[in-house]
Each structure stands twice: as C-alpha cells, then as structure tokens.
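To keep things clear, I will list the structure first and then write my remarks on it.
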Amino acid sequence: MAIRLTKIVATLGPASGNKASIKSLVAKGVNIFRLNLSHGTHETVRKWIQWIREVEEEHHSYVGILLDLQGPKIRVGKFKEGSIHIKRGQGLTFTTEKKIGDENLVPIQYPCFHQEVTKGERIFLDDGNLSGVVKQILGQRVNVKIQIGGILSAHKGINLPDAKLTADPITAKDKADLKFEIQEGVDLVALSFTGCAKDARKLKSLIQKNGGGDRGDRQN
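For the sequence shown, numbering that gives the first Met the number 0 begins at 0 and goes up steadily by one.
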C-alpha cells in the first residue's frame, strides 16, 4: 500500500471550531490544523488545541497545529453606504487621505500605501475575492483597474503581494499570539508578508526566546 506523503491542512474557524468537526476532518485525512488568531480569542484557541490533542490521541496518529501569524493588516476605510459595488474593468481610486469612500473612491488605513505600491502591481481585497492592478499614482491617490469585481465592504483587508512593505511583518499582536501559542504547544508557525530572509530569522529568534524550538520528534 502506497504511503501518502502529501499533507492536508485545514483552517479552523467559527464554523469548524468544535470537537465533532475536528474529529470528522481528521477521519477524512486532515493532518494539520491551521489556527488564525483573527478568528478567535486566546481562550477559544486554547479549547481548539485541547480538542485537537484529544482527537490526536484517539486516532493514535500525529496531528500538527500550525499558527498563522496575522502580520500587518492593511484595511480599507469607511464608505458612505457601508459598502460599494465594483465592476470588472472599472477604474477605481484608492487614497490615503482621510475621506469617506464612495463608488469611485476607496480610503486606505495605511499611510504609506501610495508610497509603497508601483504601477503594474497587483492588489487583492477581501481575502482575494476582489482584485485589481495599479495603473497610476498621483500624490496620495492610486488609480487601480479592477480585474475581479464584487461587493467591497468597509474595513475589508488588502493584500499587496508584489509590494515591498516597510511595515514590520511581525506586529505586537503577533508577538503576543506567538508567546501564547508556544506555551500551548503548537508545532508550526507561518509568517505572513515575508519580505526577506531577515524576517524569517527574526521569527526564529522570537520562537527560541519564547521557549520554542525543534519539535521534529512529534512528526511522522
């Protein structure tokens, strides 16, 4: 019988964060659970970890726990109507000015946004549900051509995969979450918005500082 080398990672959230769901997912082949602290408090996540370890023991097989650090979260601001509908091919202006947005203007809650994007770079919004490409930068305003449209609500996240952000990839919240998760015994840590090897070395140093290290003895 062939051994399956590919690992299956499942994200726990409000809908799946219960022992019955965890047990079902492991039975169906999940090897690692990804925990995102934006989906729950430390107390909630502590309960998830307890259930994962209980299911792991019941199944007599390794189930890894992956902490996905949130990193610096760039978000859109407020809209007059709470949200806007953007269409494919539409030109949309993003701005770092302190304004309320509308169908043509999207305020950004990141003061360096217009300085850290360049023409041709991609912009993803609302966890990748919407996207566009930078076409022009005029002062604090960035003109973007929408590629994937839809509803954009206030305070949704923005991802800039092509930009080199000056923001520290490990925030104060990440450091607190990392310390908590190491104490709870997570196996793996993922770093969002990694810009260079220095970021990875900084994370490794923080893991060691908080008592984490090589947990390879738990894997199979």
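For each residue, glycine too, the CB sits at the ideal point set by N, CA and C.
{"query": "Tell me Ser-152's beta-bridge partners as DSSP assigns them.", "result": "Ser-82"}
{"query": "Can you tell me the Cα-Cα spacing of His-41 and Leu-137, whole angstroms?", "result": "42 angstroms"}
{"query": "Can you check which of these residues, Ala-166, Arg-121, Ala-171 and Ala-162, is closest to Arg-147 by C-alpha distance?", "result": "Looking at the sequence provided, one finds Ile at residue 147 rather than Arg. If we check each option's Cα against that of Ile-147, Arg-121 comes out closest."}
{"query": "Does DSSP classify Ile-181 as helix, strand or coil?", "result": "helix"}
{"query": "Quick one: residues in its chain with C-beta nearer than 6 angstroms to the C-beta of Val-101, no 5 flanking neighbours on either side, listed in chain order?", "result": "According to the sequence provided, residue 101 is Asp. The question's Val does not apply to it. Counting only Cβ-Cβ distances below 6 angstroms, and skipping sequence neighbours, we find Lys-79."}
{"query": "Who are the Cβ neighbours of Ala-9 in its own chain at under 8 angstroms, not counting the five residues just before and after it?", "result": "Ser-15, Leu-24, Val-29, Ile-31, Phe-32 and Arg-33"}
{"query": "Measuring straight from C-alpha to C-alpha, what distance separates Arg-3 and Ile-107?", "result": "45 angstroms"}
{"query": "Compare the C-alpha of Arg-235 against each of Thr-165, Ala-153, Asp-186 and Leu-11 and name the closest.", "result": "Residue 235 falls outside the range modelled here, since the chain spans only 0 to 219, and no answer is possible."}
{"query": "What is the residue span of the beta strand (DSSP E) that Gln-139 lies within?", "result": "Segment: none, Gln-139 is in no beta strand (DSSP E) and carries neither H nor E."}
{"query": "Only counting runs of 4 or more residues, tell me where the alpha helix (DSSP H) segments fall wholly within the segment 18 to 63, in order along the chain.", "result": "18 to 26 and 41 to 58"}
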